[in-house]
Each structure stands twice: as C-alpha cells, then as structure tokens.
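> The letter at position 403 of the sequence shown is residue 403 when you use UniProt numbering, and the numbering goes up by one with no holes. Beta carbons: idealized from backbone N, C-alpha and C, even for Gly.
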Amino acid sequence: MSGQTVAAPSLAELKSSGIRFIRFIWVDLINCVRYRVIPIDEFKRLIESSKGGISIAKPGVALVFLNCPEGFTSTGEYNYKPDFSSLRISPYADGHASVMGWFSEKEPVKGIDGKGSLEVPLCPRTILRRVVESAKQSSGVEFLTGYEIEFILLKSTSPIEAVNDHGWSCSAAIPSGTAVSQALDEMAQKIIEAGIVLQMYHSEAAPGQYEFVTGPLPPLQAADALVHTRETISNVASKYGFKATFAPRVYQNSCGSGAHTHISLKSDRSTAVATVEGAAGMTEVEASWLQSLLNHLPAAVAFTLPTPASYDRMADGVWSGGTHVAWGRDNRECPVRLCGMPGEWNFEVKTGDATANPYLALAALLSAGMIGVREQIPLKAKNCIPQPSSLLYMERVELGITERFPFKVQQAWERLVADEALVKELGKDFVKQYIAVGKVRLDAIPVHSH
C-alpha cells in the first residue's frame, strides 16, 4: 500500500511561473463542477482578508441546473475558503491554476454533534474528510484510492458519432499522427504536469471509448485528482474539436463508461490475518471491511449510481459488475473485485460512474466498510469464481450471494433510508437533503440529458 503525493506549490511560486488566474472550484451534489476565475493578485488579497474566501449562495452546493431543491431558498450565503493542499496548476488552461475549498457558515450553527460549528454538513469534501478522520481515530484505518476513468470520445453529438469503432486495447484505436492520438497524448501529458500519477491509458470496448488509470492517493486527494483529470480530458478534447463524454450509457448495444474505484486499507492497530479461501494474507480488518461493504452496498449505490443511466450500465454479462452483490478474486463480473497479490490486496468497486459526486461516492463506500470494521464482523461471503448471474439460486446462496442491487434510483433511495447504520455514518439531515436534490435532478434529466 503506497501512494505518491506531490507538494502543493505556493501562490508566489505559481505567479513566478506565469500563473495569472486561480480557478476556485467546488463540486455540487449532482457532480456539476463549478468555479470562479480570480486574478492571482486578487485571490491573494482575498485569502489575506478577515473573510479568507469568497461568498457563494447557499443553493450553490445543491443547485440542480436552475432549480432549487426543497429546503433551499434564495436567502443565505456560505463562505468558501481554499484548501491550499489542493492547489495545482491546470496545464490544459494556459496561465491558470486551480484550488478546491471548504464550505463554512458565516456564524456558528448547531452541527451534527449538537454543538456550535462553522462546518456545512452538505459540503462534499467535508463529509469525506470526516469519514477518513473517523476511520483513523476509531480503528487506526487508513485508505488509498485510485481510479479507472472511462469516457467516450465523440466527433459529433448530434447525431452521436464516435471517433472510431475499434475494440479493447486495439492498436487501431490510437493511430499515430492522428488528431485522436494527439489528443490522448496531450491529455496524458497535462495530467502528469498537474502532478497526478498516470499509470496508463488504453482503448476500451465501446466505440471511441478510452480509459485513463490514475495511481493511489489518500481519499480526499484522490477525489480531487479525479475531478482535475476529468476536467483535463474534457478541455483537451474540446481543443481538438471532440466531445469527451463520461455518460454511463451512450450505446445500448455496447459497454457503458464507469468510474471503477480501487481501495486499499491498512490498520496500525491490527495486522492479524484472516482465513479467506482464495485470498491468502487478507487481514481481519480487510475481511471485515469487505463484508460490511457488501452488506451496505445496495444502499451506498444511492451515491455511486445516482441517475437512471447508471442502472442501464449495471447489467449482467458485460463486465460492469453485474446485478448481484458479490466479490471475487480477479472476477470482472463481480461488483467488488479483489485485485493484486497476497499482502498487497486492493478492492475494485465497479458500482460507480461519473454522474456521482466523487467525494460523496467515496465517503459512502468507505463508511459502508467501516461499519463492519468497528464491529469486527467476519467475512461470510465467499470468493465467487463464476459469473454470479450464471449460477443457480442455491449455488449463489452457498457463496453468500443473497442480495441484488436496486434496478432504479428510486429503489436505491429506499434502500438508503432503510439502512440506519449508513445513514448514521453520513448524517440523517444530509441524507434527507441529498435525496431531495436527487428527486429534482430525476425530474430535470429528460430536459437536460445529452
């Protein structure tokens, strides 16, 4: 378990290197990336002021296109302060750098612990930070996270026309000297220049589909890097006249695009090894986390699969993880795939896509597993070698495969509300407001889908 982090530059270093503007970014509850562009000298003045940031209307964290969800009005503002550990150059935009931040109240309000606090329970980065800190404090658990980022490169959106129709890892999908190969190379180079570890890229199975794989980082940094990587891909594609879409399902007769999340964990309080067939060396902490993840995953998908298109992608027999709650070593038809080698395991969670807010999706997954770590539950589900959907009912039961995922987002909300343990981890009021936002998005999707 190792992650590579790059120290964030200072504003002075950025200015001396030619940076003129700061993109002050936040990601709202429906995963719309929003930002304000601020001249670097003005940004310096802002952070040195007593306010320390910018004001953003409270609906700005939960706005659904131009619709205000239940519980939000036109009144009120949050203070948005930068997190300088997230500061990085944006090589795809000449002279620009970007930084994430924290939403805070202007005056203390009652927090989830009943005490006065400036924290905003709806701030996605705050939620993920709290989950990570809680895991460390309660169980000595630390995580690393990496992503497989899938997208389809289009040369036309109306009608939909991909840049090519070549298959998985085929050399013909990246023909040297073409605009496609130049765009892909530039995406890769700009990601690397931003300080993000890019492990590889290759063509995927659908027409015009590609995948970029980023290296492991602590969860908050990993989610930040995911946002930046997608922004890089989108902007470079646009430069070459292409459209990069991360939509979960573009073609009904081919593969969809996901955001497969690789998670590894360790505890400094317990290194005891569990007895798990097919997974030698898996620790008891890893085993408890895995079983608990499976227990709560049908509820957690309310965050990782938040749109109707998400459930179109999660089908059996197409290597998207399928519809049965199961795990398997190197089994790409299981929603949780055990990857790596003994002593270096990581869990690939396939139930995620780019319609999800990455901070909330990761917070839900980590929380789902930590419930069982704290209770020290044993791993009862067995290593599934075949495709789960190909098994008879009793064969699945023998492997501990007794649950299926919701088949639509409304069912996922129902599963979430019924999962009291996961709701407690994430906050009851937050879950209520998140679902309210989701309902407005569901109504708006037919109008705004593309």
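1) Report, in whole angstroms, the separation of the C-beta atoms of Arg337 and Gly328, which I expect to be a contact under 8 angstroms.
2) Would you call Asn331 buried or exposed, if buried means 16 or more other Cβ atoms sit within 10 Å of its Cβ?
3) Ends of the beta strand (DSSP E) at Pro108?
4) Measuring straight from C-alpha to C-alpha, what distance separates His166 and Arg34?
5) For Glu333, which residues in the same chain have their Cβ closer than 6 angstroms to its Cβ, ignoring the five residues on either side in sequence?
6) For the alpha helix (DSSP H) that contains Lys408, what are its first and last residues?
7) Would you decide whether residue 455 is buried or exposed? Buried here means 16 or more other CB atoms lie within 10 Å of its CB.
8) Using only the alpha-carbon positions, how far apart do Cys255 and Gly52 sit?
9) State buried or exposed for Cys384, treating a residue as buried only when at least 16 other CB atoms are found within 10 Å of its CB.
10) Which residue comes first and which comes last in the beta strand (DSSP E) that contains Leu153?
11) Report all residues from its chain with a CB closer than 6 angstroms to the CB of residue 456; omit the five preceding and five following residues, and keep chain order.
12) Starting from Trp289, trace the alpha helix (DSSP H) in both directions and tell me its first and last residue.
13) Straight-line CA distance for Asp83 to Thr126?
14) Is Phe65 closer than 8 angstroms to Tyr80 when the C-beta atoms are compared?
15) Whole-angstrom Cβ separation of Ala93 and Ile19, contact assumed at under 8 angstroms?
16) Rounded to the nearest angstrom, what separates Val276 and Lys382 at their Cα positions?
17) Is it a yes or a no for the stretch 184-195 touching the stretch 288-302, going by three-plus beta-carbon pairs under 8 angstroms?
18) Mapping the DSSP letters down to three states, classify Met314 as helix, strand or coil.
19) Between Thr307, Met394, Pro406, which has its C-alpha nearest Leu442's C-alpha?
20) Give the DSSP-derived three-state secondary structure of Glu425 in the structure shown.
21) Since Gly116 is in the beta strand (DSSP E), which residue starts that stretch and which ends it?
22) In the structure shown, what three-state DSSP assignment does Leu128 receive?
23) Identify the residues that DSSP records as bridge partners of Thr214: which are they?
24) For a minimum of 4 consecutive residues, which ranges assigned as the alpha helix (DSSP H) are wholly contained in the stretch 304-364?
25) Between which residues of its own chain and Gly208 is the CB-CB distance below 7 angstroms, once the five residues before and five after are set aside?
With the given structure in hand:
1) That belief holds up - the Cβ atoms of Arg337 and Gly328 are roughly 6 angstroms apart, short of 8 angstroms.
2) Around the beta carbon of Asn331, a 10 Å sphere encloses 16 or more other beta carbons of the protein chains shown; the residue is thus reported as buried.
3) Segment 101-110, the beta strand (DSSP E) holding Pro108.
4) Rounded to the nearest whole angstrom, the C-alpha separation of His166 and Arg34 is 34 angstroms.
5) Closer than 6 angstroms at Cβ, skipping near neighbours: Gly322, Gln387.
6) Neither: Lys408 is in no alpha helix (DSSP H) and is coded neither H nor E.
7) There is no way to answer for residue 455, as the model of the chain reaches only from 1 to 450.
8) If you draw a straight line from the Cα of Cys255 to the Cα of Gly52, it comes to about 46 angstroms.
9) With 16 or more other Cβ atoms within 10 Å, it is buried.
10) First-last of the beta strand (DSSP E) with Leu153: 141-157.
11) No information on residue 456 is available, as it lies outside the stretch 1 to 450 that the chain covers here.
12) Looking at the DSSP string, the run of the alpha helix (DSSP H) that includes Trp289 is 284-304.
13) Going from the Cα of Asp83 to the Cα of Thr126 covers about 11 angstroms.
14) Between Tyr80 and Phe65, the CB-CB gap reaches or exceeds 8 angstroms.
15) No, Ala93 and Ile19 are not in contact; Cβ-Cβ is about 10 angstroms, not under 8 angstroms.
16) Each residue's alpha carbon lies about 8 angstroms from the other.
17) The stretch 184-195 makes no contact with the stretch 288-302; the number of CB pairs closer than 8 angstroms stays below 3.
18) Taken through DSSP and simplified to helix, strand or coil, Met314 comes out as coil.
19) That would be Thr307, whose Cα lies nearest to the Cα of Leu442.
20) Three-state DSSP puts Glu425 in a helix.
21) DSSP places Gly116 in the uninterrupted beta strand (DSSP E) bounded by 116-119.
22) Here Leu128 sits in helix by DSSP.
23) In the DSSP assignment, the residues bridged to Thr214 are Leu198.
24) The alpha helix (DSSP H) runs of length 4 or more contained entirely in the stretch 304-364 are, from start to end of the chain, 308-313.
25) Ile152, Leu153, Leu154, Ala162, Val163, Asn164, listed in sequence order.
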